[in-house]
Amino acid sequence: MQTFLTPNSLEIALTQRYATKRFDSSKTIPKDTWVALESSLVNAPSSYGIQPWKFIVVTHEALKKQLQPVCYNQPQVIEASHFIIFASKTNLSHQDIDRLVDRIAFVRKVAKENLLDYKNMMYGSLDRQTEDERKNWNSRQCYIALGQFMLAASLLGIDTCPMEGIVSSEVDQILGLREIGYTSVVACAAGYRSSQDATAVLAKVRFRKEEVVISK
Ligand SMILES: Cc1cc2nc3c(=O)[nH]c(=O)nc-3n(C[C@H](O)[C@H](O)[C@H](O)COP(=O)(O)O)c2cc1C
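Residue numbers (our numbering): -3 to 212.
See below:
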């Protein structure tokens, strides 16, 4: 594997990230930077590689304005350059597994028959889940993408704010997510911090490493 960073530069990226409360609405993420960030979403890992998600990227002012009231009027929704909604599949089924198997066969140029064991294993795993377990499982996958996205953003000097403060049912309605079988889980605003953001200068509060990491 190639290395791109030093431990020190990674530490800077990790600690310069903070949940940005106020963005500078005059600044837009450049196209090439956004393309790389989009790649952090598309390439996010998921259980079995099932990718039970859609990432809705909102940049249009009118739509941001529509979404803000159903996100507890948080200013990040309209001030950030990009507002991303992480949505999970509501009704994951054998069809989704078949679609994945088709894709693996195509990308890796292998016969579908060779993937039968893998397919049946995934069927079994899905069938054993209750509806609630499946819903939680799908949501968890979205959080993995969210984490990867925020770190990627920080590495590229882009500020973010992860946001659970959304009214999922209302967001779903505005974005027409229910119709396509998805539901919003979490959101993330991305852009550039405003010089007026008072939280930018606050020290990061974390428990001491010794309290969090158990080394054995
Ligand atoms: C899943 C999740 C949901 C969050 N939801 C919101 C939110 O709706 N609005 C907000 O301003 N901050 C939100 N935050 C930001 C947290 O409050 C913040 O990450 C935490 O206080 C730690 O601060 P730091 O990220 O600046 O280090 C959320 C964070 C996470 C991880």
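Ideal placement from N, C-alpha and C gives every residue a C-beta, glycine not left out. Keep in mind the model is a prediction, meaning the values are calculated, not measured.
- Taking 6 Å as the cut-off, one finds at least one heavy atom of ligand 1 near enough to the beta carbon of Gly161.
- Distances from the CB of Tyr14 to the heavy atoms of ligand 1 include at least one below 6 Å.
- Comparing C-alpha distances from Arg13 to each of Val181, Tyr178, Gly143, Ser211 shows the shortest one belongs to Gly143.
- With contact defined as three or more Cβ pairs closer than 8 Å, the stretch 184 to 193 and the stretch 65 to 82 are in contact.
- Annotation for Pro71 indicates a beta carbon at 6 Å or more from all heavy atoms of ligand 1.
- Here the stretch 25 to 34 makes contact with the stretch 145 to 155; the two share three or more CB pairs at distances below 8 Å.
- When beta bridges are read from the DSSP output, Trp49 appears opposite Ser84.
- Between the stretch 118 to 137 and the stretch 39 to 55, the count of Cβ pairs shorter than 8 Å is three or higher; the stretches touch.
- Phe82 places its beta carbon 7 Å or farther from that of Val167.
- Rounded to whole angstroms, the gap between the alpha carbons of Ala9 and Ala107 is 42 Å.
- Under the three-state reduction of DSSP, Val201 is assigned to coil, being neither helix nor strand.
- Within the same chain, and ignoring the five residues on either side of Leu88 in sequence, the residues whose Cβ sits closer than 7 Å to its Cβ are Pro48, Leu122, Arg130, Asn134.
- Distances taken from the Cβ of Lys105 to the heavy atoms of ligand 1 include none shorter than 6 Å.
- If you draw a straight line from the Cα of Ser5 to the Cα of Thr24, it is about 24 Å long.
- Bridge partners of Val54 according to DSSP: Phe79.
- A check of alpha carbon separations from Asp155 across Glu175, Ala196, Met118, Val66 identifies Ala196 as the nearest.
- Per DSSP, the continuous beta strand (DSSP E) segment holding Pro158 begins and ends at 155 to 159.
- DSSP lists no beta-bridge partner residue for Arg99.
- In this structure, the alpha-carbon of Asp94 lies about 9 Å from that of Tyr119.
- Annotation: the continuous alpha helix (DSSP H) that includes Ser165 extends over 164 to 171.
- Between Lys61 and Val54, the C-beta spacing is not below 7 Å.
- Residue pairing of Phe19 in beta bridges, as defined by DSSP: Arg189.
- For Pro65, the shortest C-beta to heavy atom distance toward ligand 1 is 6 Å or greater.
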